[in-house]
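Comments concern the structure below.
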Amino acid sequence: MHTATLPRPAATLFAGLAAALTVLTALTALTLSLPARAQVNAGPYVPSPDSAVAEMLKMAGITPKDFVIDLGSGNGKIVLTAAKIYGASGFGVEIQDNLVKESNEAAKKEGVSERVKFITQDLFKTDISRATVLTMYLLPDTVNMLSDKLQKELRPGTRVLSHDYGLKDWQYEEYKQYDLEEKVNISGVKTTIIYLYVVPARVAGNWNVKLPAAVSKQAVTLNLTQKVQAVTGMARVGAREVAFMDMKLRGTEISFKLPVEPNGKPLAFTGTIKGGSIEGLVDTGKARTPWSATLAAK
Ligand SMILES: C[S@@+](CC[C@H](N)C(=O)[O-])C[C@H]1O[C@@H](n2cnc3c(N)ncnc32)[C@H](O)[C@@H]1O
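Those letters in the sequence shown? Residues 956 to 1253, by the numbering used here.
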C-alpha cells in the first residue's frame, strides 16, 4: 500500500470550473459550523468515461451481494452499471433534480429499478452506512472534506473508489493511472487515475492480550495509535517495552510481529478485529496457536 498523491491540475474548462468551485467549496465549508449549513457544491456535472466506470467496478471486485453508493451520481452510470453488469444493488445521491430523474428513468428502462434508486439529496447529509462499495468523482477538496465521514460511517472492509483525486492520509490498496482520449475534453489531459481504498477497523487504544502460557507467561498489552490505516505504538511484555515489526491493518485484518523470540524468531500475530476484541493466531516459529485481545481503554 502507498500514500496517495494528487495529479497536477490542468488549464482547461473543467479545471477552470473546478478551480472556481474549489474556492466556492472552501468558502462554503467555512459555514459548516453554522446552524443553517449551506449546501456545498462538490463539483460540476462531468460524467466518468465508460472505461473509467468499468475500471472502478473491476477494481472494487463487485458481486451481486454488494451495495454501491455513488456520491454525486450525475446521470447514474456508476450505480446503473454495477446493477446491470454485476447484479449489485445501491443508490446514488445528486443535487441536480433533472439528473436524478434521468437516472431513475434509465433504471426503469434497463430493468434494475427494483435494486437501484436515485435521490435528490446533499451527499454530505447522506447516510452512507449501508455501502459495501462507495464511489466518488468529486473535486479534490470535497474528497478530503469527506475523509472523517467515510471513517465514521462506513463499516471496516468497505471499498472506496475515487476517480482522479485521492484521500490525504489514506493508504491506497490499488492505484491505476492510464491515458484516456475522452478525458481531454474533461480535464485537458488524457491522464485518468483510480484509487481503491479499504476502510480500516478502529484499533486505537490499549489492548490486553491473552496468550497460552507456552507462548508467554508474562502479561502482554498493546498500546495502539492510528491514523486511518497507519497503526503505530508499543507493546508491553511484562516490564519490557517492545516495538512492533511489520504492523499492517487491512479492513478488519491486523498483523504484526513482536521480537520476543522464545524460539529465536519474532512472534508473528494475525487477527480479526470485531469491535472491542481481536481473535487470531500467533506463529511462534514452531507452532501456530490462538491468541485474543480485548480493548481496555481508548
Ligand atoms: C463530476 S460529477 C460525477 C458524476 C458521476 N459520479 C460519475 O462519475 O459519472 C459530480 C456530481 O456531483 C454532484 N454534486 C455536487 N455537489 C453535490 C452535493 N453536495 N450533493 C450531491 N451531489 C452533488 C454534481 O451535480 C455532479 O453531477
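We put the beta carbon where it would ideally sit given N, CA and C, even for glycine. For clarity, every value in this text was computed on a predicted model and none was experimentally measured.
Return the Cβ separation of G998 and V1023 in integer angstroms, given the expectation that the two are a contact with Cβ distance under 8 angstroms. Actually they do not touch by this definition, with Cβ atoms about 19 angstroms apart.
Exposed or buried, L1196, counting other C-beta atoms within 10 Å across all chains shown (16 or more means buried)? At residue 1196 the sequence reads Glu, which differs from the Leu that was named. With fewer than 16 other Cβ atoms within 10 Å, it is exposed.
Contiguous alpha helix (DSSP H) assignments of at least 4 residues, all confined to the region 1114–1160: 1139–1142
With respect to 7 angstroms, is the separation between the Cβ of D1052 and the closest non-hydrogen atom of ligand 1 below this value? no
For N1178, which three-state DSSP category applies? strand
Extent of the continuous alpha helix (DSSP H) to which E1234 belongs: First-last for E1234: 1232–1238, but that is the beta strand (DSSP E), not the alpha helix (DSSP H).
With DSSP collapsed to three states, give me the class of T1087. coil
Which one of Y1041, V995, E1049 has the shortest CA to CA distance from P1002? E1049
Round the Cβ separation of V1139 and G1206 to the nearest angstrom and send it over; I've been treating them as touching at under 8 angstroms. In fact, because the Cβ distance is near 37 angstroms, the residues do not count as touching under 8 angstroms.
Cutoff 7 angstroms; reference Q1051; Cβ partners in own chain excluding five residues on either side: Y1000
With hydrogens ignored, establish whether the beta-carbon of P999 is closer than 7 angstroms to any heavy atom of ligand 1. yes
Look up V1071 in the DSSP assignment and say whether it is helix, strand or coil. strand
Straight-line Cα distance separating V1215 from A1198: 10 angstroms
What's the gap between the Cα of V1055 and the Cα of E1129? 30 angstroms
Is there at least one non-hydrogen atom of ligand 1 closer than 7 angstroms to the beta-carbon of I1033? yes
Measuring straight from C-alpha to C-alpha, what distance separates K1032 and Q1181? 35 angstroms
Give the straight-line distance between the Cα atoms of A1251 and N1163, rounded to the nearest whole angstrom. 6 angstroms
Name, in chain order, the residues that DSSP records as bridge partners for S1247. K1165, E1234
Three-state secondary structure assigned by DSSP to K1172: coil
L1213 bridges to which residues according to DSSP? L1222
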